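S.K.:
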Amino acid sequence: MTLEFQRSAEDQILEYSKKIDFYTSEYTVEILAQKIASGEYTVPAYQREFTWDDPRKSKFIESLVIGLPIPFVFFWQNDETGELEIVDGSQRLRTIEEYLNNRLVLNGLDRLDSLNDSRFNDLPLSRQRKIKNKSIRGIVLSENTDIESRIDLFERINTGSKVANSAEVRRGVLQGSFMNFIIKNANNEVFRRLAPVSDKQEKEREPEELVARFFAYSDGLDDYKDDVSPFIFRYIKKMNCVFEEQPKLEDEYNNRFEMMLRFIDSSFELGFRKTVGSKTTPRARFEAISVGSYLALKEKPDLKMTKELTSEILGSNEFKAEIRSDGANSIRRLEGRINFIRNALLEKA
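Using the working numbering, the first residue of the sequence shown is number 1262, and each one after it goes up by one.
(1) Assuming Asn1521 contacts Ser1551 under a Cβ cut-off of 8 Å, what Cβ separation, rounded to an integer in Å, is found between them?
(2) Where does Thr1420 fall in DSSP's three states?
(3) Quick test of your reading: Ile1392 and Val1290, contact by CB under 8 Å. State the CB separation rounded to the nearest angstrom.
(4) Between the alpha carbons of Asn1478 and Lys1609, how many angstroms are there, rounded?
(5) Under 8 Å, with one C-beta from each stretch per pair, do the stretch 1450-1461 and the stretch 1498-1513 reach the 3-pair mark?
(6) With a Cβ-Cβ cutoff of 8 Å, do Glu1358 and Ala1298 count as a contact?
(7) If we call anything under 8 Å between Cβ atoms a contact, is Arg1380 one with Ala1428?
(8) Keeping to the same chain, check which residues put their C-beta closer than 8 Å to that of Gly1421; ignore five residues upstream and five downstream.
(9) Give me the DSSP bridge partner(s) of Gly1399.
(10) According to DSSP, is Val1348 helix, strand or coil?
(11) Exposed or buried, which one is Ala1204 when buried takes at least 16 other CB atoms within 10 Å?
(12) Bridge partners for Tyr1514 per DSSP, in chain order?
(13) Spatial neighbours of Asn1501 within its chain, please: CB distance less than 7 Å, with the 5 preceding and 5 following residues excluded, ordered by chain position.
(14) Could you round the C-beta distance between Arg1517 and Ile1493 to whole angstroms and report it? I think they count as a contact, below 8 Å.
(15) Taking all protein chains shown into account, do 16 or more other C-beta atoms lie within 10 angstroms of the C-beta of Ile1613, making it buried, or fewer, making it exposed?
(16) Pull the bridge partners of Tyr1302 from the DSSP assignment, please.
(17) What is the residue span of the alpha helix (DSSP H) that Phe1533 lies within?
(18) When the Cα of Ile1397 is compared with those of Glu1346, Glu1579, Thr1285 and Asp1371, which residue comes out closest?
(19) Can you tell me which of the three DSSP states Pro1491 falls into?
(20) Under 8 Å between C-beta atoms, does Asn1578 make it to chain C?
(21) Excluding sequence positions up to five away, which residues of its chain have a Cβ less than 8 Å from the Cβ of Thr1567?
(22) For Gln1436, name the three-state secondary structure that DSSP assigns.
(23) Using only the alpha-carbon positions, how far apart do Gln1338 and Ser1410 sit?
(24) Is Asn1377 near the ligand MN, in the sense that its beta carbon is under 7 Å from a heavy atom of that ligand?
(25) Between Asn1600 and Gly1553, which are expected to be in contact by the criterion C-beta below 8 Å, what is the C-beta distance as a whole number of angstroms?
(26) Within a Cβ cutoff of 7 Å, which residues of the same chain sit near Tyr1360, ignoring the five residues on either side of it in sequence?
(27) Identify which residue in Lys1565, Thr1406, Phe1476 and Leu1482 has its Cα closest to the Cα of Ile1497.
(28) Within the same chain, show all residues whose beta-carbon is closer than 7 Å to that of Gln1389, passing over the 5 residues directly before and after it, in chain order.
(29) Give the straight-line distance between the Cα atoms of Ala1270 and Asp1349, rounded to the nearest whole angstrom.
(30) Give every residue of the same chain whose Cβ lies closer than 6 Å to the Cβ of Thr1697, excluding the five residues on either side of it in the sequence, and list them in chain order.
(31) Expressed to the nearest angstrom, what Euclidean distance is found between the alpha-carbon atoms of Gly1300 and Pro1330?
(32) For Thr1542, which residues in the same chain have their Cβ closer than 7 Å to its Cβ, ignoring the five residues on either side in sequence?
(33) Run through DSSP, which three-state label would Arg1454 get?
(34) Measure from the alpha carbon of Gly1369 to the alpha carbon of each residue in Arg1353, Val1334, Asn1515 and Asp1314, then state which is nearest.
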């Protein structure tokens, strides 16, 4: 690798490392349960509601009781209130609190099957004390660790687990005028018809994800570093402030979205779908068609296109190559598929 690469990599590592400052501490199970019950340990909005079922809660308690290693719990120290925000581990801590306060009846246990159908208070007092005195190690992030870094940590730890996705995270922590604007447009009837999603995607707020990508990408990719979620997070955070300062901008952005939808509706046979019967909308396809069309309309507002011509564009081998999945989110691939549609529309106009 070149010296320039090494310097760039080192600068990036040092810059991100500055955002993470922490210390470790040990907490007894009893203290953890008390803090959760009193609300002193808070669960941030970007974490999913309590979703563990009783068998999973019981398995966790079984692991705790027999002394299996319990993963670290991550907190963030809010110096203004003195509270600790749970960055990762809320399911575990809430299960502990529920068990120690006798609201959890254990079931489905294999190793400790004698504990099935029992509560914490059913145990001998000596065993209750031993459980209460067990310790769990916590890592506390300082107040200098910003929200973006905390969410990044949460997502990295929970890769492959059932956790809040990017759209759910943003809805929780980026509440504001622009976030509300995205939610409103995600329910646009024309958009929903042109960009269908599955029931599972609906629950995961995929329509909001698509709308957020349209606005973020159509406003430019200068700050994009092959990092979709952080890029959109930064964009919405910035636009919340912009919309608060310039409320009239909402009309301009709304017109942008509706202009794009009208063009897609009249010019693309299948909307953003890949096939006639498709019930989902591929993200790369949506990005290319929506943003590419908007950029073409921005340059030529009176642009007209037949559905036969757009079907020819989308059916070309060149377009299929642009939206293939490998490396789809690199800046080169993202700009490539967007500009392909833009250029093709302008050339055939």
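C-beta atoms are modelled at their ideal positions from N, C-alpha and C, and glycine is treated no differently. Just so we're clear, the structure is a prediction, and the values are computed from it rather than from any experiment.
M.R.: The relevant details are as follows:
(1) A small correction: the amino acid at residue 1521 is Met; Asn does not occupy that position in the sequence shown. Correct: roughly 6 Å between the Cβ atoms.
(2) Confidence at Thr1420 is low in this model, with a pLDDT of 45, below 50, so its placement is unreliable and no value can be given for it.
(3) 6 Å
(4) Note that residue 1478 is Tyr in the sequence shown here, rather than Asn. Those two C-alpha atoms are separated by around 23 Å.
(5) no
(6) yes
(7) no
(8) Residue placement at Gly1421 is poorly supported in this model, since its pLDDT is 43, which falls under 50; the coordinates are not used for a value here.
(9) Ser1286 and Val1334
(10) strand
(11) Any property of residue 1204 remains undetermined from this structure, which presents the chain solely from 1262 to 1610.
(12) According to DSSP, which records beta bridges pairwise, Tyr1514 is partnered with nothing at all.
(13) Leu1435, Gly1437, Ser1438, Phe1439 and Met1440
(14) Not a contact, Cβ separation roughly 17 Å.
(15) For the chain, the structure presents residues 1262 to 1610; residue 1613 sits outside this window and is missing.
(16) Leu1345
(17) Per DSSP, Phe1533 belongs to no alpha helix (DSSP H) and is neither H nor E.
(18) Thr1285
(19) helix
(20) Looking for chain C here will not work: only one protein chain is present.
(21) Ser1528
(22) coil
(23) 14 Å
(24) What this structure holds is no ligand at all, so the ligand MN is not there to describe.
(25) 7 Å
(26) Ile1322 and Phe1381
(27) Phe1476
(28) Phe1381
(29) 28 Å
(30) What is shown of the chain runs 1262 to 1610, which leaves residue 1697 out entirely.
(31) 26 Å
(32) Ala1456, Pro1457, Val1458, Leu1471, Phe1533 and Arg1534
(33) helix
(34) Asp1314
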